Structure formats: structure tokens, C-alpha cells
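Residue numbers (UniProt numbering): 1 to 210.
Here is the structure:
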């Protein structure tokens with residue numbers, strides 16, 4: 001990619017199209033595992049339209065079905081919910097829950113299924129390829145209040161412990177985890193996942209890092 005950039009500049013100079021060239025200092029993204037420089041690129045991703053879910057999650061706090069303690073964090077919670085954007089749930093990494101989508105290699109139809117399909121419902125071809133992307137880790141985390149209790153089966157544990165009474169967590173994941181558990185719980189279980197959310201402070205080192 002670095003050679004490509006040099007070649008582009010050279011071609012622009014040859015055609016007398018280059019207006020200027022100057023050093024530009026900025027933050028370059030690096031992958032957190034191998035530290036490779038990340039190059040932005042256009043790609044297809046899976047998204048969840050969460051605006052309707054956010055309305056229900058906001059209403060639950062307004063009506064007092066779930067209480068956020070301390071209450072000063074309610075403003076942050078509502079601000080996130082009001083300005084929420086579609087949630088990109090697909091990740092291009094090796095480890096994670098695979099997205100339950102299969103593509104028909106005959107007609108290109110996308111099949112979403114709980115069970116592994118054996119053929120395409122459209123063209124009946126049995127040559128299918130599963131989506132290689134995995135789910136965002138916060139997606140499975142959002143299902144935690146009921147998925148750990150046996151859902152989708154109606155177990156005794158699910159009936160007894162959902163919703164639970166109290167969630168204790170750090171304020172830094174109010175949106176990433178708490179808000180998403182609220183949205184998923186209300187959508188799937190038709191009830192809030194917990195009655196009270198207690199947000200605590202963070203332990204930091206001398207550099208201010210967690």
C-alpha cells in the first residue's frame with residue numbers, strides 16, 4: 001500500500017495534476033492484536049436497526065421499571081438512546097459466534113435460520129455457504145440476562161430469575177452493555193432484564209488508564 005501511494009503521487013506529477021505535497025501528522029489506527037496498520041475500506045456489513053428498540057428502553061427508565069443509580073447517569077443514558085445509530089453487529093475476526101446466515105451458491109439467496117439449512121428454499125439447491133463474519137461480542141453480551149438461564153427454552157431458571165433485581169457494573173459500559181441488555185431484554189422477553197442498575201467508579205493507574 002505504501003508503494004501504491006508513491007506511485008499515485010508520481011503519476012500525478014507526470015500528468016501535472018499534483019497541486020501540492022506535504023507531510024501530514026495524524027493518528028493511524030492499528031489492529032489491537034498484531035498492531036498492523038488499519039486501512040479504511042468499503043465493505044458489506046450486517047446492521048441492526050435499534051432506534052425502535054431504544055425507544056422502549058428509554059421509556060422503561062422514564063416509567064421507573066428500571067432505576068439507574070446514581071440518577072445523574074440517566075441523562076447520559078437518554079442522550080445515547082436519542083442519538084443512537086444502526087448497530088453494526090458483524091466482525092471480521094476468527095473467534096466469535098457465527099452469524100446465522102447462509103448464502104445459496106445457486107441463486108445467491110441469503111437464508112437466515114436458527115437451524116443449519118440443508119438447501120435453498122428459493123431454488124432448492126443444496127450448495128450453501130455460511131456467512132464468515134462473526135457477531136460483535138456486545139451482541140451476545142446483550143443476550144446474557146436470559147441466554148444464561150436457558151433461553152430460548154422456557155426453563156424454571158428463566159421463570160425464576162428473569163428479570164433479576166440488581167446489576168452492578170462500571171459506568172464506562174452503560175451504553176455498550178447495559179443499554180443493549182435493556183433493548184434486547186424488552187424485545188425478546190417483553191420485560192426489563194433488571195430492576196436496578198448500580199454504576200460504580202473505575203480503578204485507574206497513575207496514567208489514568210483502567
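The C-beta atom is built at its ideal place from N, Cα and C for all residues, glycine as well. Here the structure is a predicted model, which is why all the values come from computation and not from measurement.
C-beta contact flag for residue i and residue j at 7 Å
i: residue 84; j: residue 135; result: no
i: residue 104; j: residue 128; result: yes
i: residue 139; j: residue 80; result: no
i: residue 113; j: residue 45; result: no
i: residue 158; j: residue 170; result: no
i: residue 102; j: residue 50; result: no
i: residue 164; j: residue 194; result: yes
i: residue 189; j: residue 146; result: yes
i: residue 31; j: residue 38; result: yes
i: residue 60; j: residue 197; result: no
i: residue 141; j: residue 177; result: yes
i: residue 162; j: residue 53; result: no
C-alpha distance - residue i paired with residue j, whole-angstrom precision
i: residue 144; j: residue 13; result: 57 Å
i: residue 118; j: residue 56; result: 37 Å
i: residue 199; j: residue 7; result: 53 Å
i: residue 126; j: residue 116; result: 12 Å
i: residue 11; j: residue 20; result: 13 Å
i: residue 73; j: residue 179; result: 12 Å
i: residue 121; j: residue 130; result: 15 Å
i: residue 93; j: residue 210; result: 25 Å
i: residue 77; j: residue 203; result: 22 Å
i: residue 27; j: residue 111; result: 40 Å
i: residue 64; j: residue 166; result: 14 Å
i: residue 156; j: residue 185; result: 18 Å
Beta bridge counterpart(s) of residue i as assigned by DSSP
i: residue 130; result: 102
i: residue 90; result: 135
i: residue 111; result: 102
i: residue 47; result: 88
i: residue 37; result: 30
Opening and closing residue of the alpha helix (DSSP H) in which residue i lies
i: residue 53; result: 51-62
i: residue 194; result: Careful: residue 194 lies outside any alpha helix (DSSP H), inside the beta strand (DSSP E) at 194-200.
i: residue 17; result: Counting along the chain, residue 17 falls outside any alpha helix (DSSP H), and DSSP gives it neither H nor E.
i: residue 145; result: 144-147
i: residue 76; result: 74-82
i: residue 160; result: 156-161
i: residue 150; result: Taken as a continuous stretch (DSSP letters only), residue 150 belongs to no alpha helix (DSSP H), as it is neither H nor E.
i: residue 189; result: Careful: residue 189 lies outside any alpha helix (DSSP H) and carries neither H nor E.
Run of the beta strand (DSSP E) containing residue i, from where it starts to where it stops
i: residue 211; result: Here the chain comprises residues numbered 1 to 210, so residue 211 is not present and cannot be evaluated.
i: residue 165; result: 164-170
Any chain C beta carbon closer than 7 Å to residue i
i: residue 160; result: Annotation note: the requested chain C is absent from the structure, which comprises a single protein chain.
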